[in-house]
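Below: the structure, in structure tokens.
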Amino acid sequence: MSKKGLGVWFFSTLTAIAAVHLIDAANAFLFNKPAVLLSLYPFDEAKIQAITPNIYFLATAASTALFWGLTCAIAFENPVETFLNKILSEAKKQSAVETQLLEEKSEILDAMNETIEMNSQILSQVKDVVYNIRAEIKEIQPLKEAMERIKTELSILKRELKIFEEKLKYPNLCLACGK
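Every position in the sequence shown, counted from 1, becomes a number in the numbering used here once 777 is added.
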């Protein structure tokens, strides 16, 4: 900011000096009066008198326009626009970096998604197997209960058979009283 202010101050001063000389040149050119300001400079008087009013007017008009243009170019250089352009370019760079990171992250997410889908299929297969096992267990449960009933009946029959065998071994019992 200080460089800009210094540039504006310097070129506006030169513009003001050139404008004063332009007024003096216009006075000399239009009214055929001598150029007063040129006589103030410590140059050879003969060289100053050799400058015609036409040349003096054109030179001061050109220098005034040039210095005015430079002053305006420096003064109207928009620092906010420059700042915003800089921020915008940095944002574009940051956006490119973020896009690259997002692409890398999306590849990771795609791999994770594929893994999750595979795990989901495996889990579905495991659920089917568990369902089938439960169905078979339900079918086996009545058989198990029937087996246990058969075992209890078999044990009862074994006891009765033992009792019957003992009765056959010792047949000296009284048939009427059972003794």
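Don't be surprised by glycine CBs; every beta carbon is placed ideally from N, CA and C.
- Any idea what DSSP makes of LYS810, helix, strand or coil? Within the sequence shown, residue 810 is the residue found at index 33, counting from 1. Coil.
- Which one of VAL906, SER883, ALA802 has the shortest CA to CA distance from ASN825? Within the sequence shown, the letter at position 48 stands for residue 825. Note on residue identity: the sequence assigns Ile, not Asn, to residue 825. For ILE825, the nearest C-alpha among the options comes from ALA802.
- Return the first residue and the last residue of the alpha helix (DSSP H) that ALA850 is part of. Stepping through the sequence shown from its first residue, residue 850 is reached at position 73. Looking at the DSSP string, the run of the alpha helix (DSSP H) that includes ALA850 is 830–852.
- Three or more C-beta pairs below 8 Å linking the segment 792–802 and the segment 853–863: no
- Do you know how far the Cα of TRP845 is from the Cα of LYS781? Start at 1 with the first residue of the sequence shown, and residue 781 comes out as number 4. Start at 1 with the first residue of the sequence shown, and residue 845 comes out as number 68. Using only the alpha carbons, I get a separation of about 15 Å.
- If you draw a straight line from the C-alpha of SER840 to the C-alpha of LEU815, how long is it? The residue given as residue 840 occupies position 63 in the sequence shown. The residue given as residue 815 occupies position 38 in the sequence shown. Whole-angstrom Cα-Cα distance: 15 Å.
- Item | Of the listed residues PHE788, ARG911, LYS921, nearest to THR848 (C-alpha basis) | The residue labelled residue 848 in the question sits at position 71 within the sequence shown. It is PHE788 whose Cα lies nearest to the Cα of THR848.
- Query: If we count the other Cβ atoms within 10 Å of its Cβ and call it buried at 16 or more, is PHE941 buried or exposed?
  - Reply: Here the question's residue 941 lines up with position 164 in the sequence shown. The residue is exposed, with fewer than 16 neighbouring Cβ atoms inside 10 Å.
- At what residues does the alpha helix (DSSP H) containing ALA827 begin and finish? Here the question's residue 827 lines up with position 50 in the sequence shown. No alpha helix (DSSP H) holds ALA827; DSSP gives it neither H nor E.
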